[in-house]
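Okay, so here's the structure we're looking at.
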Amino acid sequence: MPDQTLDLSEQAILQNSPRMDLNTRFSFRCGPAMDCFNRCCSDVAILLSPYDVLRLKNALRMDSSEFLGKSTLTMRSQDRHIPAVFLRMNEEMRKCPFVAESGCQVYPHRPWACRMYPLGMAEPKGPNAAAQRLYFLVKEEICHGHGAGKDKDQSVREWIEQQRLDPYDEMQVPFLALMSHPGWDNPENNLTEQKLAMYYMALYDLDRFRRFVSETRFLELFDVDEARIEAITEDDEELLEFAFDWLAFSLFQERRMKLRKPVGGAPAVAATTRRICCPTV
Ligand code: SF4
Ligand code: SF4
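For the record, in the sequence shown the residue sitting at position 198 is 1070 according to the numbering used here, with numbers rising by one throughout.
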């Protein structure tokens, strides 16, 4: 199950695989009866989204820091050094840590890439990207599922529904918006190592981010209403949505957070200072 979105330019996709849309039908079958069962769970690069990490660490009842340390690898993008999190394969066998003879041990919480396979997806950068999504089939020798079903078994739309991708896609929208933000290319934003570490913590190390919000001066600096504080205290999805708002504010000065006013009027400090981005320092 190779990562299906990294390093695949639209041109390469168009050259090598026919474009598909939501109504395109394809023939594919998978399951324990296949002679290739589980082969796709070894030696693969599975990029994890923040929502993938949230689902997996909760399914495994692990603290996010523990999950990230045990089950993931972090790499940096070449150009902007943005952290990207991958599932860590078992070192000797190069197997996914969650595969057993009977199949995936985290199946109801498996990552987006595992749900989509053998479909890949690409979308252009910029506004309205979701409307311009295109899909394509990933065909690998190890996988014998292509053509193994009835002729044109299902449409892309039906596959996405069967794989219960909706909550993943919903959380992917603000994540992709952050990833493709034009502010990454603006040198004035001064995206230091410290800010990138904050980006990693807020998106992936959610339990630590929750402590950061509640145990530092964060809530003295930002005006967050009581209902939202309660929601982010109890609910990881709410916390992740809060993280998207905070990162858009602290990395790119989007007005998605409100600063508290000190007694006497003017805002506490300028929005772009290190103090605001990182209240612990
Ligand atoms: S998470 Fe599950 S489906 Fe995905 S590679 Fe691991 S064992 Fe396979
Ligand atoms: S059919 Fe493909 S996806 Fe299904 S188990 Fe075999 S290799 Fe994996």
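Quick reminder that beta carbons are idealized off the backbone N, C-alpha and C, glycines included.
Everything numeric in this text was worked out from a predicted model, so none of it was measured.
| Item | Value |
| --- | --- |
| Continuous beta strand (DSSP E) stretch holding Thr-944: start and end | 944–948 |
| Distance cut-off 7 Å: Phe-970 Cβ against heavy atoms of ligand 2 | no |
| Supposed contact pair Phe-1008 and Gly-992 - C-beta distance, whole angstroms, cut 8 Å | 5 Å |
| Per DSSP, cross-strand counterpart(s) of Lys-1130 | Per DSSP, none; premise fails for Lys-1130. |
| Buried versus exposed call for Asp-907 [16 or more other C-beta atoms within 10 Å across all chains shown] | exposed |
| Spatial distance of Asp-1117 from Pro-904 (CA atoms) | 42 Å |
| Distance cut-off 7 Å: Asp-1019 Cβ against heavy atoms of ligand 2 | Note that residue 1019 corresponds to Gly in the displayed sequence, not to Asp. No; taking the cut-off as 7 Å, the Cβ of Gly-1019 has no heavy atom of ligand 2 nearer than that. |
| Thr-1144 versus Ala-1069: straight-line alpha-carbon distance, rounded | Unreliable positioning characterises Thr-1144 in this predicted model, as indicated by a pLDDT of 37, which lies under 50. The coordinate reading is nonetheless provided below. Those two C-alpha atoms are separated by around 16 Å. |
| Candidates Ser-1052, Ser-974, Phe-1124, Asn-962: closest to Lys-1067 by CA position | Phe-1124 |
| Ligand 2 heavy atom lying under 7 Å from the CB of Ile-1014 | yes |
| One or two residues paired with Cys-902 in a DSSP bridge | Answer by DSSP bridge pairing: none, since Cys-902 is not bridged. |
| Cβ pair Leu-1050, Ala-1120 closer than 8 Å | yes |
| Ordered list of beta strand (DSSP E) runs contained in the segment 938–986, each at least 3 residues | 944–948, 955–959 |
| beta-carbon Val-978 near ligand 1 non-hydrogen atom, thresh 7 Å | yes |
| beta-carbon Arg-901 near ligand 1 non-hydrogen atom, thresh 7 Å | no |
| Per-residue burial, Lys-1022 [other beta carbons within 10 Å of its own, 16 or more giving buried] | exposed |
| Option in Asp-1108, Met-1129, Glu-1030, Ile-1014 with minimal Cα separation from Phe-1094 | Met-1129 |
| Leu-894 burial status per 10 Å Cβ neighbour count (16 or more: buried) | exposed |
| Delimiting residues of the alpha helix (DSSP H) encompassing Tyr-923 | 922–931 |
| For Phe-1008, the first and last residue of its enclosing beta strand (DSSP E) | 1006–1009 |
| Buried or exposed (CB count within 10 angstroms, at least 16 for buried), Gln-950 | exposed |
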